[in-house]
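Notes follow once the structure below has been shown.
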Amino acid sequence: LQWQLVQSVNGRFNVQLRLLDENDQLWSQMEMPLLNEVYFYPENWQSEEQPVWRYPLELPPGLPPASYHVDLSLFADESGAQLPVVGADGRFAGVTQTIAELDLAPPPLFQTEPLLRTAQPQALLDGDLLFLQQELLPESVLTASSFTVDLYWQSVNKLPANLQLQFWAEDSPLVTLPLSRYESSLWQNGQVIHEKYRVPIPADFVAADYDLRVGVVVEDGRSLAELLNLGTIAVVSPDRLFSLPDDVGQPVWLRFGELVSLRGYDLTTATAVPGTPVQLTLFWQVDRQPAEIYSTFVHLVGPDGQIVVQGDQWPGGLPSNTWAQGQVIIDEYAIQLPEAAPLGSYQIVLGLYAPANGLRLPIVAEDGTAQGDQFVLPLPLEVGR
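Per this note's numbering, the sequence shown starts with residue 16, numbered consecutively.
The following block contains the structure:
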């Protein structure tokens, strides 16, 4: 990577590179200080300097031939905060930047020592497929969320096409997924494949301990092997609210990206004085469970049109990929007016965005009309003495 300072800096930074697949599953990661060729930190670089540094990002054994991308992030060494990415238009573009995309080719045809040594591999499909090992399961998982299962396989002989893997919690089927993103009929004899599977837990699952089991099936659902027991997971069901409170302040109905609707907002006061907090409560209702993490932004815009105060947080403090359809999220903010805040009329502007890339969710009104990507509260906040 080649770097250049945009302006002088005092702090030190860490470079993070992550290898992810098309499902955003993490396969490899490295982190090291940001330095130039003579190991100087950016605070000691010359303004015209453009250092180049090679970063090693390991490809783990058994990585399936498939599509991947490399994401870059910068972290402040002292605080650990991620530095924002700013686009060519000057707007916030998230906290990560994809810098490379790659298609991993199948390995060459030659014999090597086994990548993984397993004490007792389990033979499936009349010995044509070996289950080698797994990585540790999470101890617990929330309802209406998902978790990742890492499994290692080895082909002994040519495998049937389109093999699937069906996951069960006790006797309840959870999900059926491809055995690998690399088509099973293309596996070479002796090839080791490590695959990651994202397993969902339904919102209505009863909280309890479950044996997680998995079985190999063909495309029409017929089982080809006995179920493997992968271990026990504890399913936890948090308290969730599915009915809007009787009082939601000012009722509205604005849909954000077909995922969640703003059903009301409550501003405790229409007037305030500098140096005091103003309480804002937002009432969201989930239309469809998001796959990504989203944050709310709340901006207090001053009389001159500049942002005076801003706050960003997960709505209700909950990661959005754990929301259940129909769930009501109560989202509270304390907007602290600065002591030196100028007097006049202020606007409160809010919206939802993905922190990873900065993209905001589009807003649609109840009648279907587009409302842009931010909502301005109709009544201004008057700041005076």
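Glycine included, C-beta positions come from ideal geometry on N, C-alpha and C.
Where residue i sits in the DSSP three-state scheme
i	result
residue 170	strand
residue 244	strand
residue 200	helix
residue 335	helix
residue 305	coil
residue 215	strand
residue 318	coil
residue 188	strand
residue 330	helix
residue 33	strand
residue 111	coil
residue 147	strand
residue 386	coil
residue 48	strand
residue 358	coil
residue 105	coil
residue 414	Outside the modelled stretch of the chain, which goes from 16 to 400, sits residue 414, for which no answer is possible.
residue 181	strand
residue 96	coil
residue 263	coil
residue 287	strand
Counterpart residues of residue i in DSSP-defined beta bridges
i	result
residue 61	Note: residue 61 sits in no beta bridge, so no partner.
residue 249	155, 224
residue 344	299
residue 363	315
residue 378	271
residue 292	351
residue 25	DSSP lists no partner for residue 25.
residue 281	296
residue 325	314
residue 391	364
residue 116	84
residue 163	213
residue 17	67
residue 396	361
residue 43	34
residue 230	181
Rounded C-alpha distance that separates residue i from residue j
i	j	result
residue 310	residue 368	6 Å
residue 231	residue 117	29 Å
residue 244	residue 228	4 Å
residue 200	residue 206	12 Å
residue 87	residue 288	43 Å
residue 250	residue 48	39 Å
residue 159	residue 195	24 Å
residue 390	residue 177	47 Å
residue 181	residue 33	29 Å
residue 75	residue 43	7 Å
residue 193	residue 38	13 Å
residue 374	residue 114	18 Å
residue 154	residue 226	12 Å
residue 67	residue 82	26 Å
residue 248	residue 188	15 Å
residue 50	residue 89	12 Å
residue 319	residue 329	28 Å
Contact check, residue i vs residue j, beta carbons under 8 Å
i	j	result
residue 272	residue 377	yes
residue 213	residue 252	no
residue 331	residue 346	yes
residue 343	residue 257	yes
residue 322	residue 314	yes
residue 26	residue 92	yes
residue 269	residue 380	yes
residue 71	residue 120	no
residue 300	residue 267	no
residue 398	residue 361	yes
residue 242	residue 233	no
residue 338	residue 304	yes
residue 354	residue 264	no
residue 408	residue 31	Because the chain is modelled from 16 through 400, residue 408 falls outside the range shown and cannot be assessed.
residue 400	residue 358	yes
residue 146	residue 139	yes
Residue nearest to residue i in terms of C-alpha spacing, selected from the options
i	options	result
residue 17	25, 45, 52, 386	52
residue 262	270, 247, 283	283
residue 110	104, 100, 237	100
residue 351	25, 396, 105, 35	396
residue 29	152, 353, 95, 259	95
residue 372	275, 319, 168, 98	98
residue 144	340, 355, 202	202
residue 341	399, 291, 359, 259	259
residue 393	383, 50, 364	364
residue 64	223, 291, 336, 20	20
residue 150	165, 139, 140	165
residue 197	78, 292, 137	78
residue 163	112, 185, 216	216
residue 183	357, 224, 54	224
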